[in-house]
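*Asks:* Protein sequences appear in the order of chains A and D.
Numbered by my numbering, the letters in the first sequence go through residues 229 to 682 in order.
Numbered by my numbering, the letters in the second sequence go through residues 229 to 682 in order.
By construction, the Cβ of each residue, glycine as well, lies at the ideal position given by its N, Cα and C atoms.
Take a look at the following structure, please.
2 protein chains.
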Amino acid sequence: MRSFLFASFLFFFTGTLKAQSDSIYIRKIANEVFRHSTAYSNLHTLTKTIGPRLSGSAQTYTAEKWGEEVLKQAGADRVYLQKAMIPHWVRGGRDEAAMISGKNRQNMAVIALGNSVSTKPGGITAPMILIRDFDELEKRKDEIKGKIVFYNHPFNLDFVWMFNAYAEAVPYRVFGASRAAKYGALGVVVRSMSASTDNFPHTGAMIYNDSFPKIPALAVGLQDADKLVAAAATQKDLQLFISTNAHSLPDTVGYNVIGEWQGTANPDQFITVGGHLDSWDPAEGASDDGTGCVQSVEVLRALKATGYKPNRTIRVVLFTDEENGGRGALAYSSEAKSKKEKHIFALESDGGGFTPREFSFKGAETQMASIQPLVHLFVPYGVTAFSMRGAGADVEPLNDSTGALAAELIPDSQRYFDYHHAANDVFEKVNKREVELGAINMAALIYLIDKYGL
Amino acid sequence: MRSFLFASFLFFFTGTLKAQSDSIYIRKIANEVFRHSTAYSNLHTLTKTIGPRLSGSAQTYTAEKWGEEVLKQAGADRVYLQKAMIPHWVRGGRDEAAMISGKNRQNMAVIALGNSVSTKPGGITAPMILIRDFDELEKRKDEIKGKIVFYNHPFNLDFVWMFNAYAEAVPYRVFGASRAAKYGALGVVVRSMSASTDNFPHTGAMIYNDSFPKIPALAVGLQDADKLVAAAATQKDLQLFISTNAHSLPDTVGYNVIGEWQGTANPDQFITVGGHLDSWDPAEGASDDGTGCVQSVEVLRALKATGYKPNRTIRVVLFTDEENGGRGALAYSSEAKSKKEKHIFALESDGGGFTPREFSFKGAETQMASIQPLVHLFVPYGVTAFSMRGAGADVEPLNDSTGALAAELIPDSQRYFDYHHAANDVFEKVNKREVELGAINMAALIYLIDKYGL
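As structure tokens, then:
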């Protein structure tokens, strides 16, 4: 009995010491970031000097150069590029439009969805049919032919975590066109994936089903969506005009930009932290995902500045083409597998630079068991839970290909979809301290997993 | 042993049932607020139609009328006014100024502090002395006479909860003038109480010590504060010009606006929820404290809309004069004491309409013991802790006078001091969903305390 008690005491004692030294080290990281972070100034350059950087655009390449530069400045031992063939879809000019035609003529704020085809030159005019959800589409399939389908599936406001509302609504953006084309629709207009109070239309990726004709697809701002609903209620024969020049060019070359910090004890084991460098074209890609990029760079800078020596090799990856292909993530995870690299952990930040709330993971129970006791170390910095909501598009493929635990920073989600893929996703909507808090939590998680393994 | 086990089982069972029915009811409140809240539209009217409402200003009275109206609309049984004599300080026009004089002439963004006296007409010019903290002031007390003291005490960025940085810096705003006047200073300029990246100067209350001459006091924007520091380093004889027409008029009449919802079982017991109706004058008082007012009104509206019947009488109080006197809180707590009202609980929201994080309390251990087990009910809505950081200026006096448990909603604090008492505290900086989440947590806390007592 005595030896048992003694062992318990020792465990308690060393456990407490360990927790204390870790909490002191995380405090040191926090001070470093709050006092000397370059995340916000890097974000300013990325958003204001480079701007939107959709796959294949000229800014894809200036952003890659910027990424190489900031990773070198942050102290990476080695910075290199990893090739991926990326889609090259272009908007084809700013003269996209939608309009209620006829005597109650009214312009609508619209934006073509990524991957959409164009209308015929000069646009098309057709009767509009208002469809609330796919059930209604199926019920009314005989009424679709020759019409423009307006999907008005609103965000479900009851969700607290707004990504749940997004997940529920986004199939209309992604699959709505082909599901309507199956029944002879000529085009679709989708209510924007947002709960904002403004009228910015929100773009984003859509996917055609090759079994059906490719028809043009646009998103409409929320205020105008409500106007369309009101107009549909009073005008039985409402005619909608839509026009877009969007089209796809042949795939082109893009690169993941990778900064490596060589490990000491286990340099052949890898820990990845990243965000995606590409963004949609209407704005600056500040919250999606400039903040994830500059936070990931800051993790490297801050850990180096505090004198940390990593056991494992830490890679900061600025992924290419998250938005309309995921080809960067695929290249990274495929190469990791083909080279039989030993990946321990991969973390991304792609929920905006808002105040941190959680980390969400995708991995095995055993991996979670070793990190779950660490959550208390994050509470002073805003992360109060480790959840299993998934780990995000750029790191989940690595979990699939190598078994690495994958994770995503979960910031507060209330504002994200106000700006997501819309013209107001700009630097000015980002708070310096919130981005820094995210970087602090990310650096702390990388530090702990590098130190203790999984 | 068997009876013990049985009792435990019963306790567990009824405890679980109780928690379930409460979590279901809170979900009902949340749905009501997310779907039908008037908080955001009420805030729009308060900020855009009424605007700034400093004690004694014309808007004090239009805001009171607005408060009466929204409380009636929200379903109060009785709406009435509670008188308080409030200070009436006026800025005296917009031509406040500060300038580095001489050949390197440079204008500074400044704003007079609340309660400050004016300079002599036309302003004053005097040598500037840069002082970092009160220790330095004391050490250099012989150098102060005939000069303008520039207090450059920056926000301590190491704090995560920014109210700690505010608490550390605010004595320079509140007491800096008299402490400098003691040694013969002619005026003071204070670095704004903020960690923002812009140059808006932030006003706020200051207090004179009647033992020393009253000297004018202004706050300067952070970018200009840094310019003053740089200028002081290169110009030994830097002369500063300051000018303000600020002055105090005799006290005037203001009112707490109170909406009462009669209790059923214990109508003579009171639960208070409120925010303050007054605001500083440079902007719209959106985050400070329009949001607290509209959230408090929403608590009443939403609880009524969900069919709740309160056991105790619930009072929504829109306090007058929090900013430069606290006379509304004093009137409310004094009357409660003199009438021997039985106050159970008082909650305020005055930390901005940002995403909720905690509730903070001031009260007895026994009171805390009965609510601490409820925290898990709030976690799905963002409040993850009940802390003891104090309860805020409008409800703490009620704790002092009646022993009521007092509490404050603690929203995320990163953005609050970007806007606090500055020209950018406007409606556009408020996110609809974040305000609503705050109201949901507030309504849930009022519901639980009304239902179970303390």
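Pick helix, strand or coil for K455 (chain A), following the three-state DSSP scheme.
*Replies:* In the structure shown, K455 (chain A) sits in a helix (DSSP, three-state: H, G or I).
*Asks:* Kindly list the residues whose CB is nearer than 8 Å to the CB of D628 (chain A), restricted to its own chain and excluding five residues on each side of it in sequence; keep chain order.
*Replies:* Around D628 (chain A): S561.
*Asks:* Need the endpoints of the beta strand (DSSP E) that N335 (chain A) sits in, please.
*Replies:* Segment Q334 to M336, the beta strand (DSSP E) holding N335 (chain A).
*Asks:* Considering only the beta carbon of each residue, do A574 (chain A) and I257 (chain A) sit closer than 7 Å?
*Replies:* Not closer than 7 Å, so no.
*Asks:* Grab the span of the alpha helix (DSSP H) containing R368 (chain D) for me, first residue to last.
*Replies:* No alpha helix (DSSP H) contains R368 (chain D), which DSSP labels as neither H nor E.
*Asks:* Since E296 (chain A) and V485 (chain A) are thought to touch, with beta carbons under 8 Å apart, how far apart are those beta carbons, to the nearest angstrom?
*Replies:* With 8 Å as the limit, E296 (chain A) and V485 (chain A) qualify as a contact, their Cβ atoms being about 6 Å apart.
*Asks:* Measuring alpha carbon to alpha carbon, tell me which residue in A:Q523, A:G581 and A:M356 is nearest A453 (chain A).
*Replies:* The shortest C-alpha separation from A453 (chain A) is found at A:M356.
*Asks:* Starting from V388 (chain D), find everything on chain A with Cβ-Cβ shorter than 8 Å and list it in chain order.
*Replies:* Those are A258, P608, Y609, G610 and L665, listed as they occur along chain A.
*Asks:* Specify the secondary structure class of N259 (chain A) as computed by DSSP and reduced to three states.
*Replies:* Reduced to three states, the DSSP call for N259 (chain A) is helix.
*Asks:* On the criterion of 16 or more Cβ atoms from any shown chain inside 10 Å, does N335 (chain D) qualify as buried, or is it exposed?
*Replies:* Flag for N335 (chain D) reads exposed.
*Asks:* Any idea what DSSP makes of T288 (chain D), helix, strand or coil?
*Replies:* Looking at T288 (chain D) - three-state DSSP - the assignment turns out to be helix.
*Asks:* If the criterion is Cβ atoms closer than 7 Å, does the pair Y411 (chain A) and K367 (chain A) meet it?
*Replies:* Cβ distance not < 7 Å, so Y411 (chain A) and K367 (chain A) don't count as in contact.
*Asks:* So, for I435 (chain D): in the same chain, excluding its five sequence neighbours on each side, which residues have a beta-carbon less than 8 Å away from its beta-carbon?
*Replies:* Hits under 8 Å: N343, V402, F403 and S406.
*Asks:* When we look at the beta-carbon of F240 (chain A) and count the other beta-carbons within 10 Å, is it buried (16 or more) or exposed?
*Replies:* With a pLDDT of 46 at F240 (chain A), under the threshold of 50, the predicted position of this residue should be treated as unreliable, though the coordinate-derived value follows. It is exposed - the Cβ of F240 (chain A) has fewer than 16 other Cβ atoms within 10 Å.
*Asks:* At a Cβ cut of 7 Å, what residues of the stretch 503–532 of chain D count as close to chain A, listed as they run along the chain?
*Replies:* For the stretch 503–532 of chain D, which is checked against every Cβ of chain A, not one residue is closer than 7 Å.
*Asks:* Which residues mark the beginning and the end of the alpha helix (DSSP H) in which E664 (chain A) is found?
*Replies:* Start and end: K660 to Y680.
*Asks:* Can you give me the Cβ contacts of K565 (chain A) inside the same chain, cut-off strictly under 7 Å, excluding the 5 residues immediately before and after it?
*Replies:* Around K565 (chain A): S629 and T630.
*Asks:* Rounded to the nearest angstrom, what separates A613 (chain D) and F587 (chain D) at their Cα positions?
*Replies:* So the alpha carbons of these two residues sit roughly 7 Å apart.
*Asks:* Could you name the residues of chain D that D370 (chain A) contacts, counting a contact when the two beta carbons are closer than 7 Å?
*Replies:* Near D370 (chain A) there are no residues of chain D at all, since even the closest Cβ is about 34 Å away, more than 7 Å.
*Asks:* Taking only beta-carbon positions, decide if N669 (chain D) is within less than 7 Å of chain A.
*Replies:* Taking Cβ atoms only, chain A never reaches closer than 7 Å to N669 (chain D), which makes this a no.
*Asks:* Might you give, ordered along the chain, the residues of its own chain that have their beta carbon closer than 7 Å to the beta carbon of A632 (chain A), omitting 5 neighbours on each side?
*Replies:* Here the set comprises H571, I572, F573, A574 and L626.
*Asks:* Give me the Cα-Cα distance between I359 (chain A) and R263 (chain D), rounded to the nearest whole angstrom.
*Replies:* Approximately 21 Å, taken between the alpha carbons.
*Asks:* Across which residues does DSSP place F573 (chain D) in a beta bridge pair?
*Replies:* Partner(s): D:I499 and D:L633.
*Asks:* Tell me whether D496 (chain D) is buried or exposed, calling it buried when 16 or more other Cβ atoms sit within 10 Å of its Cβ.
*Replies:* Under this definition D496 (chain D) is an exposed residue.
*Asks:* Give me the Cα-Cα distance between G491 (chain A) and A530 (chain A), rounded to the nearest whole angstrom.
*Replies:* Straight-line Cα distance between these residues: approximately 16 Å.
*Asks:* Verify whether the separation of the beta carbon atoms of V639 (chain D) and G591 (chain D) is less than 7 Å.
*Replies:* Note on residue identity: the sequence assigns Pro, not Val, to residue 639 (chain D). Contact: no.
*Asks:* On the three-state DSSP scale, how would you describe I443 (chain D)?
*Replies:* In this structure, I443 (chain D) counts as coil in the three-state DSSP scheme.
*Asks:* Report the CB separation of I499 (chain D) from T347 (chain D) in whole angstroms; it is logged as a contact under 8 Å.
*Replies:* Not confirmed; about 47 Å, so no contact.
*Asks:* Does the CB of F262 (chain D) have a neighbour CB from chain A at under 7 Å?
*Replies:* Closer than 7 Å: yes.
*Asks:* In whole angstroms, what separates the C-alpha of E656 (chain D) from that of D506 (chain D)?
*Replies:* Near 19 Å, if we compare the C-alpha coordinates of D506 (chain D) and E656 (chain D).
*Asks:* Judging by CA-CA distance, which residue of A:S249, A:R255, A:V261 and A:A247 is the nearest neighbour of V527 (chain A)?
*Replies:* Out of A:S249, A:R255, A:V261 and A:A247, A:V261 has the C-alpha closest to the C-alpha of V527 (chain A).
*Asks:* If you count every other CB in all the chains shown that lies within 10 Å of the CB of E593 (chain A), and 16 or more means buried, which is it?
*Replies:* E593 (chain A) is exposed by the Cβ-count criterion.
*Asks:* Spell out a yes or no on whether the stretch 424–433 of chain D and the stretch 302–314 of chain D are touching, meaning 3 or more CB-CB pairs, one atom from each, closer than 8 Å.
*Replies:* No: fewer than three Cβ pairs fall under 8 Å.
*Asks:* Which of the three DSSP states, helix, strand or coil, is assigned to K565 (chain A)?
*Replies:* Reduced to three states, the DSSP call for K565 (chain A) is helix.
*Asks:* Per DSSP, H504 (chain D) is paired with what?
*Replies:* Per DSSP, D:F547.
*Asks:* Hey, does K276 (chain A) have any beta-carbon neighbour from chain D nearer than 7 Å?
*Replies:* For K276 (chain A), the answer is no, since every Cβ of chain D falls outside 7 Å of its Cβ.
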